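In UniProt numbering, the protein residues as written are 1 to 469.
Below is the structure:
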C-alpha cells in the first residue's frame, strides 16, 4: 500500500486562520514583535455585505422604526443608537421602548427659573401601589350606546346619585387611578393666560396658570392694576353658590386678596393649608389669628372678632370684620390644616362637614377657597359640591371625568393628583349615604372603602419614608 504523506507539524506559536468561503487570498506569515513572539492577528469586523439576511432585516426594521419616531417628534430629541447586530427579538423591542421613553421625557421637560409646583405631583400619586384586586375583574363589553363599556353605561341608569356611586364602587380604586392618567394633563381648548404671564411676580408658582376667561378682575384700581390669581367657579343648579378658587396669598398680594373679598362680597373663606408645610411657606399670614387682633393690609383693615374651634377635627372658625374706605364686610373664616399637599384625607367626614358648614354660612354669597396653589385641595373641595349639584340636574348623564373637565374650564389643573381624584369619589359616596340613611352599603361599597384606606395608608408610608431620606 502507498503511504499517505504525513502532515508536517506547525511551528510553535504559528496559527493559521481558515480562509473565508470564496476567499482565494493566501495566508500571510505571522509577524513577530520585538521579543520574538508571534503577534496575534486582529480579526477585521465583517462588512455590511457579509451580514446574514436575518441580521440585515433586523437592522433595517430597527432603523425604519427609529426614523418614523424622529419624524413624528420633529427630530428635536436625541437619538439612541441601536447596535448593528441584534439577534434577540426581545432585546430589540426593549431598546425601541427605551428610545420611545427618552423621546417622551425630552419633550415633557420644561426649564423654569422660578418656583414650580406641578413637578411634585406624580411622585405622590403612588400609581405603583397595589390594592385588593377583587374589583379588577370587570369586563369591557361594548353595547348599543356607541361602544361604552359596561362600567360606563351604568352611569346612565336609575337614580342619578345612587347609581353613580354604585358604578364607580364596582369599578374599584385601581380602575379610577388608571382613569386619572388620561385626565392628568387635560386643559380646556382655547384657554388663554395672558394676564398670568404679564404679572408673574404675583404668582406663587410659575407652572400653575390663571385662566383669563374666568379670572377675578379687581375693579377701580389705578393703572389697570386689576390682577389676582383667582377664578370664579359657577356650580350647576339654580340654588347653587358661586366659588372663588385662588392661590394662597403672598406677602405682596395680601391687600389684593382682601380687596377681592370686599369687592365680591364674599361670605366665607375656606383655608385648606397651613402657613408653613415641611419647612416651606405655603401661604402668607394674611389675617389676624387671635381674637381682638387687627391687621392692616394697604388701605384695608381686618379685625378678628372671635376665633374658636369649629368642632370639626382641628378646624378653626373665625369671625372677621373687613373695612375699606367706603364699605365694610363681615366674613366667616374656616381653617383646616390637616390636609397634606398633593394627597388626600384618609376619611371624608371632615371635608363633607366643612363643605356643608361653608354652604350654610354663605347665604348665597360667594365662598372663597384656597390652599397653596389653589388647584389640588381647593379644586377637590369645590369639585365635591360641583358633582353633587350636577347630578341633581343632569339626571345622571355625566361622569366624574366630565365633572373635572368642566371644573378645569373655570380653574386650570383643578383636582391635581390621583389620590385627590379617588378621594373625590369616596367623599361623593359617603355624602350620598349621609343624606340617604335608608340606602345600605353593598359589598362593593365596603370593598371600595377598604381599598381606599389601604391605598392611602401605603401612600402615607411612602411619603414619610421619602421625607426621611
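For each residue, glycine too, the CB sits at the ideal point set by N, CA and C. Small disclaimer: the values here were computed from a predicted structure and weren't measured.
Item: Three CB pairs or more closer than 8 angstroms across the region 380-400 and the region 455-462; Value: no
Item: Buried versus exposed, by CB contacts within 10 Å (16 or more), residue 257; Value: buried
Item: Residue 191 to residue 292 span [Cα, whole Å]; Value: 44 angstroms
Item: Nearest neighbour of residue 287, chosen from 277, 250 and 279 [CA to CA]; Value: 250
Item: Close-in-space but distant-in-sequence residues of the same chain around residue 413 (CB under 6 angstroms, 5 per side omitted); Value: 375
Item: Contacting residues, own chain, Cβ-Cβ under 8 angstroms from residue 282 (five flanking each side not counted); Value: 248, 273, 274, 275, 276, 341, 371 and 372
Item: Per-residue DSSP class, three states only, for residue 264; Value: helix
Item: Alpha-carbon spacing of residue 453 relative to residue 346, whole angstroms; Value: 6 angstroms
Item: Alpha carbon of residue 421 to alpha carbon of residue 298, nearest angstrom; Value: 38 angstroms
Item: For residue 246, three-class secondary structure by DSSP; Value: strand
Item: Opposing strand residues paired with residue 319 [DSSP bridges]; Value: 306 and 332
Item: First and last residue of the uninterrupted alpha helix (DSSP H) at residue 369; Value: That residue, residue 369, is in no alpha helix (DSSP H); its beta strand (DSSP E) goes 367-370.
Item: Beta-carbon spacing of residue 331, residue 269 below 8 angstroms; Value: yes
Item: C-beta atoms of residue 240 and residue 389 nearer than 8 angstroms; Value: yes
Item: Beta carbon proximity, residue 209 to chain D, threshold 8 angstroms; Value: Among the protein chains of the structure shown there is no chain D, as only one such chain exists.
Item: Among 186, 278, 116 and 263, the one whose alpha carbon lies nearest that of residue 468; Value: 278
Item: Beta-carbon spacing of residue 231, residue 215 below 8 angstroms; Value: yes
Item: Rounded distance between the beta-carbons of residue 424 and residue 384, thought under 8 angstroms; Value: 6 angstroms
Item: For residue 199, the first and last residue of its enclosing beta strand (DSSP E); Value: Element bounds for residue 199: n/a, residue is neither H nor E.
Item: Secondary structure of residue 230, DSSP reduced to three states; Value: strand
Item: Spatial distance of residue 365 from residue 266 (CA atoms); Value: 6 angstroms
Item: Separation of residue 295 from residue 319, as counted between CA atoms; Value: 14 angstroms
Item: Cβ neighbours of residue 358 in the same chain (closer than 7 angstroms, five flanking residues each side left out); Value: 268, 270, 334 and 367
Item: Alpha carbon of residue 166 to alpha carbon of residue 317, nearest angstrom; Value: 35 angstroms
Item: Residue 211 versus residue 252 - alpha carbon distance; Value: 21 angstroms
Item: Validate contact between the region 400-413 and the region 301-318 using beta carbons, cut 8 angstroms, 3 pairs; Value: no
Item: Complete beta strand (DSSP E) runs within the UniProt domain "Tyrosine specific protein phosphatases" (352-422) (minimum length 3 residues, chain order); Value: 367-370
Item: For residue 163, the first and last residue of its enclosing alpha helix (DSSP H); Value: 160-171
Item: For residue 295, the three-state DSSP class (helix, strand or coil); Value: strand
Item: Rounded separation between residue 237 and residue 397 - CA only; Value: 15 angstroms
Item: Cα-Cα separation, residue 324 to residue 448; Value: 50 angstroms
Item: Residue interval of the alpha helix (DSSP H) (run including residue 188); Value: Counting along the chain, residue 188 falls outside any alpha helix (DSSP H), and DSSP gives it neither H nor E.
Item: Three-state secondary structure (DSSP) of residue 270; Value: strand
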